[in-house]
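Visitor:
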Amino acid sequence: MRNPRRLHDHKLLVEKHRLDTQAPAADSLFWRLWQGGGSELAQKALATGFVQGIRTGSLDPRSYGAFNVSDIYYCCQGANDFGDAARRSRDPVLQDFLLHKQQSYEKYYRVACLEWRLADPKAVLPSDTAKRYSDFERRLAKGQMEAGKAADPIYTLIAMLPCEYLWGWLAQQLSPASDTNLYGPWISSNACVAGAFAMGNFIEAYLGNHDLDEGLARHLYLTAMEHEYRNFEGALQQP
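Position 50 (the sequence shown) corresponds to 45 in the numbering used here; numbering is contiguous.
(1) Are there three or more Cβ pairs, one per stretch, closer than 8 angstroms when the segment 39 to 54 is compared with the segment 224 to 233?
(2) Do Leu231 and Pro56 have their CB atoms nearer than 9 angstroms?
(3) Using three-state DSSP, classify Cys158 as helix, strand or coil.
(4) Could you have a look at Ser65 and say whether DSSP puts it in helix, strand or coil?
(5) I want to know whether the segment 72 to 89 touches the segment 128 to 142 - three or more CB-CB distances under 8 angstroms.
(6) So, under 8 angstroms CB-CB, Leu156 and Ala193 are touching, yes? Tell me the CB distance rounded to an integer number of Å.
(7) What's the gap between the Cα of Ala61 and the Cα of Ser53?
(8) Would you say Tyr69 and Ala125 are within 9 angstroms of each other, going by their C-beta atoms?
(9) So the alpha helix (DSSP H) Trp181 belongs to, where does it begin and stop?
(10) Can you give me the Cβ contacts of Gly195 inside the same chain, cut-off strictly under 6 angstroms, excluding the 5 residues immediately before and after it?
(11) For Ser84, does the three-state DSSP call read helix, strand or coil?
(12) Rank Val64, Asp206, Leu14 by C-alpha distance to the C-alpha of Pro148 and give the top, closest one.
(13) Any beta carbon from chain C within less than 9 angstroms of Ala42's own beta carbon?
(14) Rounded C-beta distance between Leu113 and Val119? I'm assuming under 8 angstroms.
(15) Measure the alpha-carbon distance for Asp66 versus Pro121 and round it to whole angstroms.
(16) Among the candidates Gly163, Val188, Asp208, whose CA atom is the shortest distance from the CA of Val46?
(17) Let me know if Gly203 comes out buried or exposed under the rule of 16 or more other beta-carbons within 10 Å of its beta-carbon.
(18) For Trp111, which three-state DSSP category applies?
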């Protein structure tokens, strides 16, 4: 199962806007955020029972299923929020990133409902972590975070970096999967970070023409990364 929070069609954005998918420069905001706390949370996510169960193939399928069903709620709630952020954006590339994020979420939750035989996302009993993560992204996408200081939709994109990069990074740490690993397809399908790099390079270019509060960006980035970690950390807990 590929990360539902990642952009599923980043290649279209790359071709349309001629984005760079190589690793961002060493001194870029992408790596400053990663090295300023992101990598530490990523290591904690890697050590969770859920991710290690993916590594060994021993993860209880019921836990895997519950994790994915909870994400249906998260993605359904988030789809309209990213549409709101896109409509507030005046930059065409930023707007495209946010619109594609909305489309990725919509496609995922509709297909997932069919796969899990759910009438609609309202049937899902989400985890508390999914609820908190969803609320964070909703307020950010609507420009309501930090008393309006994060109103620029670029902050919404920055808060997307953890989910765009973390899952790919985790899959790379778990690679290669053995041929007998039930979760081998999860590892192989997620082990790509080109979309995250394209996003990081775009953000760097955006900063050349716009002001940004790096302290605020770091706070939002680490909040999103903490939610990602908590999502994995709580995946084995009983409801």
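In this text, a Cβ means the ideal position worked out from N, Cα and C, and glycines have one as well.
Guide: Considering the structure as presented:
(1) yes
(2) Translated into positions along the sequence shown, residue 231 becomes position 236. Translated into positions along the sequence shown, residue 56 becomes position 61. Not in contact: Leu231 and Pro56 (Cβ atoms no closer than 9 angstroms).
(3) Translated into the one-based positions of the sequence shown, residue 158 becomes position 163. It is helical.
(4) Translated into positions along the sequence shown, residue 65 becomes position 70. Looking at Ser65 - three-state DSSP - the assignment turns out to be helix.
(5) yes
(6) Taking the first residue of the sequence shown as 1, we reach residue 156 at position 161. Taking the first residue of the sequence shown as 1, we reach residue 193 at position 198. Wrong, their Cβ atoms sit about 11 angstroms apart, outside the cutoff.
(7) Translated into positions along the sequence shown, residue 61 becomes position 66. Translated into positions along the sequence shown, residue 53 becomes position 58. Rounded to whole angstroms, Ala61 to Ser53 spans 16 angstroms at the Cα level.
(8) Along the sequence shown, one-based indexing puts residue 69 at 74. Along the sequence shown, one-based indexing puts residue 125 at 130. Contact: yes.
(9) As a position in the sequence shown, residue 181 is number 186, starting the count at 1. Counting along the chain, the alpha helix (DSSP H) containing Trp181 begins and ends at 179 to 185.
(10) The residue you call residue 195 lines up with position 200 of the sequence shown. Contacts found: Pro19, Phe25.
(11) Here residue 84 refers to the residue found at position 89 of the sequence shown. Coil.
(12) Within the sequence shown, the letter at position 153 stands for residue 148. It is Asp206.
(13) Here chain C cannot be found, since the structure has a single protein chain.
(14) Looking up residue 113 in the sequence shown gives position 118. Looking up residue 119 in the sequence shown gives position 124. Indeed, because the Cβ distance is near 7 angstroms, the residues count as touching under 8 angstroms.
(15) Locating residue 66 in the sequence shown gives position 71, counting from the first residue. Locating residue 121 in the sequence shown gives position 126, counting from the first residue. Roughly 8 angstroms separates the two Cα atoms.
(16) As a first step, residue 46 must be located in the sequence shown, where it is residue number 51. Comparing Cα-Cα distances from Val46 to each of Gly163, Val188, Asp208, the minimum goes to Gly163.
(17) By 1-based counting over the sequence shown, the position of residue 203 is 208. So Gly203 counts as exposed.
(18) Within the sequence shown, residue 111 is the residue found at index 116, counting from 1. Coil, per DSSP.
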